[in-house]
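Quick note: the sequence shown uses our numbering, first residue 18, plus one each step.
C-beta atoms are modelled at their ideal positions from N, C-alpha and C, and glycine is treated no differently.
Just so it is clear, the structure is predicted and the values come from calculations on it, not from any experiment.
Below: one structure, written as structure tokens.
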Amino acid sequence: MGNVYDTDPELRSLVNYFDDLANQTPTFDSFIDLKDESPDLDTACLKFEIRDDFIGNRIYRTLHGGLISAVLDTAGGAAVFFGLFKKIKGKPREIQIKRVSKNATVDLRIDYLRPGKGKEFTATAKVLRIGNKVAVTRMELHNEEDVLIAVGTGTYAIG
Numbered sequence: 018m019g020n021v022y023d024t025d026p027e028l029r030s031l032v033n034y035f036d037d038l039a040n041q042t043p044t045f046d047s048f049i050d051l052k053d054e055s056p057d058l059d060t061a062c063l064k065f066e067i068r069d070d071f072i073g074n075r076i077y078r079t080l081h082g083g084l085i086s087a088v089l090d091t092a093g094g095a096a097v098f099f100g101l102f103k104k105i106k107g108k109p110r111e112i113q114i115k116r117v118s119k120n121a122t123v124d125l126r127i128d129y130l131r132p133g134k135g136k137e138f139t140a141t142a143k144v145l146r147i148g149n150k151v152a153v154t155r156m157e158l159h160n161e162e163d164v165l166i167a168v169g170t171g172t173y174a175i176g
């Protein structure tokens, strides 16, 4: 599977701008070490491997619920970023930066379906609706055996 950044130089350039900012002042996401493997502008796909500091239950070695929530929120935000990019593709860089920077979680619902067991995890997200002020996403977290661990719905202020 290809990566959306490999096929769209304009998107790659915009993401590089934000990566440079993150390198100057690391964000919470950098702690998790998420790998973005999004295949297209319709699906955000973030992967990570379990680490000892991600464990919520030491006996069963399962992911902490707060980490699951944070990863799904990040995936939802990435899906919104892609949705906004589709609307502003081809516009001047300053407009693109201003538009995609206005992306903040206003509501997040997570349903934990089973314990977060596994070694590698994949969070995916798609935009359900994107308007002028609000976007809504649906997210899922699976382990390396494709077992569904949690689902979420996120609402994001975008304007």
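CA-CA distance, Ile72 to Cys62, rounds to 22 Å. Assigned with DSSP and collapsed to three states, Leu63 falls in strand. Taking a C-beta distance under 8 Å as the contact criterion, Thr79 and Pro43 do not qualify as a contact pair.
For Tyr34, no beta strand (DSSP E) encloses it; the enclosing alpha helix (DSSP H) starts and ends at Pro26 to Gln41. Taking C-beta atoms as the reference points, Lys143 and Ala96 count as a pair closer than 8 Å. DSSP places Thr91 in the uninterrupted alpha helix (DSSP H) bounded by Gly82 to Ile105. For Glu111, the enclosing alpha helix (DSSP H) covers residues Arg110 to Ser118.
Under DSSP, Thr122 takes part in a beta bridge, and its partners are Tyr173.
Looking at the DSSP output, Lys143 bridges to Arg155. Taking a C-beta distance under 8 Å as the contact criterion, Asn149 and Gly176 qualify as a contact pair. For Ile72, there is no enclosing alpha helix (DSSP H); the enclosing beta strand (DSSP E) covers residues Ile72 to Asn74. Note: Ile49 is not bridge-paired with any residue in the DSSP secondary-structure output.
Considering only Ala140, Ile114 and Thr139, the residue with the shortest C-alpha distance to Asn33 is Ile114. Gly93 and Asp70 have their C-alpha atoms roughly 23 Å apart.
Here DSSP, grouped into helix, strand and coil, assigns Tyr129 to strand. Counting only residues of its own chain and dropping the five nearest sequence neighbours on each side, Ser86 has a CB closer than 6 Å to the CB of Ile127.
For Gly82 and Asp124, the gap between their C-alpha atoms comes out near 17 Å.
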